[in-house]
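Reviewing the structure listed below.
2 protein chains.
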Amino acid sequence: MASEQTVHMNGGQGDTSYARNSSLQNADQNRMRPLIEEAIADLLSASASMPRSMVVADLGCSSGPNALALVSIAVDAIRGQCFRSRQPPLEVCVFLNDLPDNDFNMVMKSLVAFQQGHRSVVTGVIPGSFYGRLFTTGSLHLACSANSLHWLSEAPEELRRNKIPAYDIDEHVRRGRRRVVIGAYARQFRKDFKLFLELRAKELVAGGRLVVSLAGRRSEEPAAEFTHAWESVVINKSKV
Amino acid sequence: MASEQTVHMNGGQGDTSYARNSSLQNADQNRMRPLIEEAIADLLSASASMPRSMVVADLGCSSGPNALALVSIAVDAIRGQCFRSRQPPLEVCVFLNDLPDNDFNMVMKSLVAFQQGHRSVVTGVIPGSFYGRLFTTGSLHLACSANSLHWLSEAPEELRRNKIPAYDIDEHVRRGRRRVVIGAYARQFRKDFKLFLELRAKELVAGGRLVVSLAGRRSEEPAAEFTHAWESVVINKSKV
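Respectively, the protein sequence lines represent chains P and A. The letter at position 43 of the first sequence is residue 43 when you use our numbering, and the numbering goes up by one with no holes. For any residue, its number in our numbering is found by taking its place in the second sequence, counting from 1, and adding 240.
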């Protein structure tokens, strides 16, 4: 597998760009809206006193129109919550994260436009792998991640050592190794996801929320067609 | 004057790039080292208790090898101060700021490499004009800016209205308007610098420090050759 420095979606706005080929991912982000709204409502109602500002982040934001979708939902939810509780708008710091080879040029311009359209919002980019520390301890209120956690930190070591690819073009060989390959990737995912949770647990404030969605399938048997079974999860730091 | 969206140093690594034509700016950054070290020492010794983490930023970082120079000095100073006072290393959050058209692609890779070389450091980029809000209230410990504050928010309105350029190629016309042009730019600078200080005063923590250097000349008379009289200033938020 390529190193984390070279993995990124196709940049720009062309026919093969992620910006023009990511409607599936956008649909998934929209499914996360009620979870993000609920997380914000819980977070703000659970605080003994309203925080002065909030930090929200999208981990694995990619580029194109989807990059700001999750943080927009979060900012709207915070605004709505402040309005309903007759509080002045909170200051919100919005961070987008992805690997350093992501097409951040477009993201930067979108962020500045977003900030100009939202009073009391400041914005930034955090480059780096979400399998490493991205934020200082206890500094993050809400972290979201849509359709990104299937990007593992590396191919499973046991497969790399034996030069076994994830998808062998020889169907007979592929079928014979299916259980081995699926098992190795499942173990790698568990290891990476555990690390991801440990890192975010350090970075989130007490009571902070993590909302993630994952693509997967419900059985070990590959379907005739590739199917998506999206699962969204909200994790409350105070309960883990 | 071009809008703030289109002003940036030449990107990349070519012969005309800022990366290869910025040794003068680097010399100025080195002159700021003792001021940054002193600001960090004052900041940490003045705190009743050591903060858990610090946020430092370079405003107008540009690209190339200079982009990380000031924040590197700050991170080293924080490390040294912790070592001398026998404290464990503080977590440091390093932010680089410039306008969104800056060549951030190189900056991103430098930031990730910098983070990998420094334990307990996380990094990010804040795109936008430093004549607008960049950070939430009371969230910044140290802001540095080298050789950037001569970039004004706009050309003086009185000159634009009368279509008077900063530098008229007709020497006779230029000499005749010199006082008018210098006066208008001086007023614009005062207005912009006041705004810059007001914004940073909101963003800095109590006792936070601002270290800036400016290029200028000591008299109104243009010298035969353009000369640089670098002035560095440290501003302590608790004293302004």
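Even glycine gets a Cβ: it sits at the ideal position worked out from N, Cα and C.
- For Pro127/P, the CB contacts under 6 Å within the same chain, skipping 5 residues up- and downstream, are Pro100 in chain order.
- Between Leu68/P and the set Ala39/P, Glu157/P, Gln115/P, the nearest pair of CA atoms involves Gln115/P.
- Short of 6 Å from the beta carbon of Ile235/P, and not among the five residues preceding or following it, lie these beta carbons of its own chain, in chain order: Leu210.
- A distance below 6 Å between beta-carbons, with the five flanking residues on each side excluded, links Gln327/A to the following residues of its chain, in chain order: Met290.
- Taking a Cβ-Cβ threshold of 7 Å, the residues of chain P close to Phe375/A are Val122, in chain order.
- Per DSSP, reduced to three states, the secondary structure at Cys333/A is strand.
- With 16 or more neighbouring CB atoms inside 10 Å of its own CB, Gly304/A falls in the buried class.
- Look at the beta carbons and you see the stretch 130-147 of chain P not touching the stretch 102-114 of chain P: under three pairs across the two are nearer than 8 Å.
- When DSSP assignments are scanned along the stretch 106-154 of chain P, the uninterrupted stretches of beta strand (DSSP E) that are 3 or more residues long and fall wholly within it turn out to be 121-127, 140-146.
- Going by DSSP, Leu68/P is part of no beta strand (DSSP E) at all; its letter is neither H nor E.
- Between Val296/A and Ala314/A, the gap from beta carbon to beta carbon is short of 8 Å.
- Annotation: Arg179/P to Gly60/P spans about 29 Å, alpha carbon to alpha carbon.
- Judged by DSSP in its simplified three-state form, Asp338/A adopts strand.
- Judged by beta-carbon spacing, Leu134/P lies within the 8 Å limit of Val362/A, meaning their Cβ atoms are closer than that value.
- For Asp432/A, the enclosing alpha helix (DSSP H) begins and ends at 411-443.
- By alpha-carbon distance to Lys237/P, the top candidate from Ser53/P, Val173/P, Lys202/P, Arg218/P is Lys202/P.
- Under a 10 Å Cβ-count criterion, Arg200/P is classified as buried, with 16 or more other Cβ atoms of the shown protein chains found around its own Cβ.
- For the stretch 284-302 of chain A, residues whose beta-carbon sits nearer than 9 Å to a beta-carbon of chain P comprise Arg292, Ser293, Met294, Val295.
- Taking CB atoms only, Val125/P has a neighbour in chain A less than 8 Å away.
- When rounded, the separation of the alpha-carbon atoms in Leu283/A and Val445/A is 10 Å.
- DSSP places Ile164/P outside both helix and strand once states are collapsed to three, so it counts as coil.
- Any Cβ of chain A closer than 8 Å to the Cβ of Glu91/P would place that residue at the interface, and such an atom is present.
- Secondary structure at Ala455/A: coil, using DSSP grouped into helix, strand and coil.
- Under the 8 Å criterion on CB atoms, Leu351/A is classed as interfacial with respect to chain P.
- Distances from the CA of Ser302/A to each of Met346/A, Ile276/A, Glu331/A were compared; the closest alpha carbon is that of Met346/A.
- At a cut-off of 8 Å, the C-beta of Gly128/P has a neighbouring C-beta in chain A.
- The beta-carbon of Gln321/A is placed no less than 8 Å from the nearest beta-carbon of chain P.
- Between the stretch 149-162 of chain P and the stretch 380-395 of chain A, the count of Cβ pairs shorter than 8 Å is below three; the stretches do not touch.
- In this model, Asn306/A and Pro274/A are separated by some 17 Å (Cα to Cα).
- Just so you know, the alpha carbons of Gly372/A and Asp192/P end up roughly 39 Å apart.
- By alpha-carbon distance to Arg84/P, the top candidate from Ser45/P, Gly117/P, Arg218/P is Ser45/P.
- For Phe196/P, no Cβ of chain A is located within less than 8 Å of the residue's own Cβ.
- Here Val212/P is buried. Its C-beta has 16 or more other C-beta atoms within 10 Å.
- With 16 or more neighbouring CB atoms inside 10 Å of its own CB, Val365/A falls in the buried class.
- Shown here, Met32/P sits in a helix according to DSSP, grouped into three states.
- Cβ-Cβ separation between Cys82/P and Ser53/P: approximately 12 Å, too far for a contact (criterion under 8 Å).
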